[in-house]
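Peer 1: Take this structure, written in structure tokens, and hold onto it; I'll ask about it next.
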Amino acid sequence: MLKKFDKKDEESGGGSNPFQHLEKSAVLQEARVFNETPINPRKCAHILTKILYLINQGEHLGTTEATEAFFAMTKLFQSNDPTLRRMCYLTIKEMSCIAEDVIIVTSSLTKDMTGKEDNYRGPAVRALCQITDVSHASPSLLPGLSMEHLLKCSFDVVKRWVNEAQEAASSDNIMVQYHALGLLYHVRKNDRLAVNKMISKVTRHGLKSPFAYCMMIRVASKQLEEEDGSRDSPLFDFIESCLRNKHEMVVYEAASAIVNLPGCSAKELAPAVSVLQLFCSSPKAALRYAAVRTLNKVAMKHPSAVTACNLDLENLVTDSNRSIATLAITTLLKTGSESSIDRLMKQISSFMSEISDEFKVVVVQAISALCQKYPRKHAVLMNFLFTMLREEGGFEYKRAIVDCIISIIEENSESKETGLSHLCEFIEDCEFTVLATRILHLLGQEGPKTTNPSKYIRFIYNRVVLEHEEVRAGRSKPGARTTGMIRTTLCPGRRCVMDDDNEVRDRATFYLNVLEQKQKALNAGYILNGLTVSIPGLERALQQYTLEPSEKPFDLKSVPLATAPMAEQRTESTPITAVKQPEKVAATRQEIFQEQLAAVPEFRGLGPLFKSSPEPVALTESETEYVIRCTKHTFTDHMVFQFDCTNTLNDQTLENVTVQMEPTEAYEVLCYVPARSLPYNQPGTCYTLVALPKDDPTAVACTFSCMMKFTVKDCDPTTGETDDEGYEDEYVLEDLEVTVADHIQKVMKLNFEAAWDEVGDEFEKEETFTLSTIKTLEEAVGNIVKFLGMHPCERSDKVPDNKNTHTLLLAGVFRGGHDILVRARLLLLDTVTMQVTARSLEELPVDIILASVG
């Protein structure tokens, strides 16, 4: 009968650690019991437990103390007590790095390893690996698995055992053959030819071990990926031949390998899909699960290849294993026809409550893909998603549903009002603050574009009276669109002015004052689109302005812009209302460049850095003696070219390194800032400063020919000391291009129409062009976005299927801080015709856009 300890018992020591007051000297004194005859197994095991406890508690055992205890412990192998023997193995492993001459127990461990007692062989091998001196070990002493462990620390020793490993590879024992082939592969894996020969031998003679087959399939797959070889390779033939193996394990491994090979066509996948189809009807649940899981992966890239399995997958929808049923359904959603959607939704509904949130998320993701494939079915899918949204579930599950509904709204304008209504009902009882604030942000973005924006005010007002300040601060602003909506919005806004939370009051006061002005330009600039500057950059600039007072007013154009991807991510994933800014914000890449360039005396009068190229441009091959990469920095009237240089010759040092540049257009090279010294493999930086064209300011596209000039000094490769005065030399680099995209920074305009109206038509210009070499709208959109370096707004870079017209909306800021907006109307007949309309508050950005496109 178990004794029940209460609190008093615990306080009196009834549940304390019996080993907590052990003394090392007393325990080592007790270890003399090991020498007694006959051996008392229970008492000796208890003493070994004490020794292990002391070691694991960090108690230091001297070498002499540990060696004496170890020698006494070796006599315990005379006992056959299994508990005592296990304690001996554990003690050997713990004391192997403390005691001396531990090799003395080798014979005892070898006897246990080769004996008939199963419980002794495995632990004996592990203990033997700890004490064996690998420089004197032999393959007859250590089995294949231990050899693989020793290979990591003593490659040269194990490499001498290849003959024994090859002999073991022919063993009838499936595990011996498996480990022997594994050892051979690890010895030869850096020799591609040797590995290929090994696979060829396996193909000719076959193997007895299914585990070995699986390993060789993985080796062949890795070789194929590294070689990027064709499917005519013998390696691929070997994998495909394994599809006909008698072992199910090998067949699945081969099918999985083919499916995961990059670049496989539907035709090449067909044999693998066929065997997976057979596994779908297997009586073994593990095989059914593996098959449907792999088919699900295939359906993501090649849904047509899985269509032949649809009947088998439909049979799995009612599988007793809900994981299998879920994967079958999601695979069918990716491969099924539009007519089967209604039936599939009914089948899913029958078991959604029985599966975990993890699999529910998989179902939601499949539905999201289905919405893009069959937009006419958005009503059925939206209703199903809303039903799921009302059920119980965790944050990840609910977020997946909200993401899916929002993507449907953005992709399909007909579903907007239905989707918004569903989301409004959801936030009435939403327990997740992040989701509530995101939906409120969406209402502010999409609500004003609906036929009746005012109906969303009630839901926003309800959020105003909630207890979470993040939600109250996240109330949307649909009233900025129309005069009628302003009046409706002011009431809940005035309530927020009296809120207890500082951020809620500040936001409400700001929005109210802007709305009460009743000016579309203010609404567009401060509410609908907001600031496009970097918030951390603005904070630093304002702090610097307060530290250095000036008579000039603060210039917002001196603040770095927020890049469009960051702005989009903030808007769509984590609204700023839901994010508490950290006290210290890490400097951005552009701010780091700004600080570095400001430290160069020649660049101090250039003003704020407008843009740095996203990726450095390589001007040499990576294998050449000098590696040069260029980053382009754009200012209001200048450009700085930063050349990061690396000298890969260990017998040379370069000094006074510059990159001389010759422009094809009216750019003017002003000065060069050299890298004083480039020792071997130590990167250095030099700069070239150029002035932008003044006589023809629209000629911003330019190609520079580049020549690196330097002084070469021979040096000692070991010490790096130079031994001569050097000589002048030069090295031709690749040409460097400057495009219109280098003068424009991407910005995100959440409401393009409002931004278009805000800029006005004073400097609007329009021209029509023919894109004679482009045959599709998708290609035209991609090329225009890349060429102009502007950000596509309102998902206008997504071209609908089966349409020959499209409107692309682009937003950016031209150097100097001037907003530039472009509306490109595309028409596809035999070629693509493009009508470009550009607007800005200055004439120069408009002229540059039209000149560069022309």
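Counting from -3, one number per residue, gives the positions in the sequence shown under the working numbering. Quick reminder that beta carbons are idealized off the backbone N, C-alpha and C, glycines included. Keep in mind that this is a model prediction, so the values were computed, not measured.
#1: With distances taken Cα to Cα, identify the nearest neighbour of Arg200 among Leu231, Lys356 and Pro612.
#2: Along the chain, where does the alpha helix (DSSP H) containing Cys210 start, and where does it finish?
#3: Which partner residues of Met830 appear in the DSSP bridge assignment?
#4: Look up Lys628 in the DSSP assignment and say whether it is helix, strand or coil.
#5: Which runs of the beta strand (DSSP E) spanning at least 3 residues fall entirely within the region 635 to 688, listed in chain order?
#6: So, at 7 Å on beta carbons, what are the nonlocal neighbours of Glu216 in its own chain, with the 5 sequence-adjacent residues on each side left out?
#7: Taking all protein chains shown into account, do 16 or more other C-beta atoms lie within 10 angstroms of the C-beta of Val341, making it buried, or fewer, making it exposed?
#8: Per DSSP, which one or two residues make a beta bridge with Glu724?
#9: Answer with buried or exposed for Val728, where buried requires no fewer than 16 other C-beta atoms within 10 angstroms of its C-beta.
#10: Which first and last residues belong to the alpha helix (DSSP H) in which Phe67 is found?
#11: Note down the Cα distance separating Glu775 from Val781, rounded to an integer number of angstroms.
#12: In whole angstroms, what is the alpha-carbon distance linking Asp5 and Val23?
#13: Ordered along the chain, which non-local residues of its own chain (more than five positions away) have a Cβ less than 6 Å from that of Leu177?
#14: Where do the N-terminal and C-terminal ends of the beta strand (DSSP E) with Glu717 fall, by residue?
#15: Please list the terminal residues of the continuous alpha helix (DSSP H) segment that includes Phe810.
#16: Between the Cα of Met657 and the Cα atoms of Ser701, Glu442, Met744 and Glu221, which residue gives the shortest distance?
#17: So, for Asp2: in the same chain, excluding its five sequence neighbours on each side, which residues have a beta-carbon less than 8 Å away from its beta-carbon?
#18: Do the region 652 to 670 and the region 804 to 820 make contact, defined as three or more Cβ pairs closer than 8 Å?
#19: Leaving out the 5 sequence neighbours to the left and right, which residues in its chain are closer than 6 Å to Leu688 when beta-carbon positions are compared?
#20: Would you call the region 827 to 842 and the region 668 to 683 in contact, with 3 or more CB pairs under 8 Å?
#21: Take Ala324 and list the residues in its own chain whose beta-carbon comes closer than 6 Å to its own, dropping the five residues that flank it on each side.
#22: Would you mind reading off the limits of the alpha helix (DSSP H) that contains Lys742?
#23: Of the residues Asp710, Cys641 and Pro693, which one's Cα is nearest the Cα of Pro679?
#24: With a cut-off of 8 Å on the beta carbons, I'd call Phe382 and Phe428 a contact; round off their distance for me.
#25: For His418, count the other beta carbons within 10 Å of its own beta carbon; 16 or more makes it buried, fewer makes it exposed. Which is it?
#26: For the candidate residues Lys20, Gly111, Asp815 and Asp228, whose alpha-carbon lies nearest to that of Met744?
#27: Measure from the alpha carbon of His38 to the alpha carbon of each residue in Glu264, Asp77, Ala301 and Asn292, then state which is nearest.
#28: Of all the options Leu203, Gln540, Lys263 and Ser252, which has the alpha carbon lying nearest to the alpha carbon of Lys242?
#29: Look at Ala68 and Asn31 and say whether their C-beta atoms are less than 8 Å apart.
#30: To which residues does DSSP link Ser608 through a beta bridge?
#31: In whole angstroms, give me the CA-to-CA distance for Leu784 and Leu846.
#32: Tell me the rounded alpha-carbon separation between Glu413 and Tyr668.
#33: Between the Cα of Leu685 and the Cα atoms of Gln173, Leu822 and Phe637, which residue gives the shortest distance?
#34: For Thr644 and Glu621, which I take to be in contact (beta-carbon distance under 8 Å), what is that distance rounded to the nearest angstrom?
#35: In three-state terms, what does DSSP make of Thr102?
#36: For the alpha helix (DSSP H) that Glu264 lies in, which residues bound it at each end?
Peer 2: Quick answer:
#1: Leu231
#2: Pro206 to Glu223
#3: Phe765 and Leu822
#4: strand
#5: 648 to 659, 664 to 669, 671 to 674 and 680 to 687
#6: Going by the sequence as given, residue 216 is Ala instead of Glu. Once the five neighbours on either side are set aside, the close Cβ partners of Ala216 are Ile195, Leu231, Phe234 and Ile235.
#7: The question names Val, but residue 341 is Met in the sequence shown. By the neighbour-count rule (16 or more Cβ atoms within 10 Å), Met341 is buried.
#8: Thr707
#9: exposed
#10: Thr59 to Thr70
#11: 10 Å
#12: Below a pLDDT of 50, predicted positions are generally treated as unreliable, and Asp5, at 47, falls in that range; no measurement from the model is reported.
#13: Ala165 and Ala208
#14: Here Glu717 belongs to no beta strand (DSSP E), and DSSP marks it neither H nor E.
#15: Careful: Phe810 lies outside any alpha helix (DSSP H), inside the beta strand (DSSP E) at Thr801 to Phe810.
#16: Ser701
#17: Any answer about Asp2 is weak, because its pLDDT of 48 lies below 50 and its placement is not dependable; what the coordinates show is given next. Nothing listed; no residue qualifies.
#18: no
#19: Asp633
#20: no
#21: Val288, Leu309, Leu312 and Val313
#22: Element bounds for Lys742: not the alpha helix (DSSP H) but the beta strand (DSSP E), Ile740 to Lys742.
#23: Cys641
#24: The pair is not a contact, with the Cβ atoms about 16 Å apart (cut-off 8 Å).
#25: buried
#26: Asp815
#27: Sequence check: residue 38 is Arg here, not His. Cα-wise, what sits closest to Arg38 is Asp77.
#28: Leu203
#29: yes
#30: His629
#31: 10 Å
#32: 60 Å
#33: Phe637
#34: 6 Å
#35: helix
#36: Ala262 to Phe275
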